[in-house]
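One gets the working numbering by counting positions in the sequence shown from 1 and adding 1044 to each.
By construction, the Cβ of each residue, glycine as well, lies at the ideal position given by its N, Cα and C atoms.
These figures come from a predicted structure and were not determined experimentally.
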Amino acid sequence: MFKISFNKHKDFLVLRDFINNFIRSVLKDNSTTMVVAFNEAINNVLENNSDLSNEVFIKFTILKERRLIIRIKHSGQVFNGNKYLQTVNRYAFDHEAESGRGIFLMKTLTDYMTYNKTGTEVLLMKKII
């Protein structure tokens, strides 16, 4: 397990390659979908919380050498993510819109995804093959 934090977009840009390489090293050939889901989750935090005066925390856990779990937590805007997760499907968004597919992508690309009660933390899980 290890943790990383940042509070500015430019700080994340410095960390992004390291994090993506870590995900690739753990998941190997199964990594691309988790890299996309992780980056989408970070983009959601950055887009929906323009005032990042508070830190964003990222926690990586390898559970019993069988699952990679990534938790992304922020103290910004509250969001009822689990309610949205229950209704999101490939028909629930405008396919021609420039945005609005992120949560659907994250849900589809991971083996498990959930939010905490306030929507300020998302958990992404992918099985290690």
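For secondary structure counted as the alpha helix (DSSP H) over 4 or more consecutive residues, the region 1053 to 1113 holds these complete runs in sequence order: 1053 to 1071 and 1076 to 1092. In its chain, beyond the 5 residues on either side, ASN1092 and ASN1093 have a beta carbon closer than 6 angstroms to the beta carbon of GLN1121. Comparing alpha-carbon positions, the option among SER1119, THR1154, TYR1156 and PHE1104 lying closest to GLY1163 turns out to be SER1119. Judged by DSSP secondary structure, LYS1171 falls within the beta strand (DSSP E) whose first and last residues are 1165 to 1171. In this structure, DSSP gives MET1157 an extended state, which the three-state scheme calls strand.
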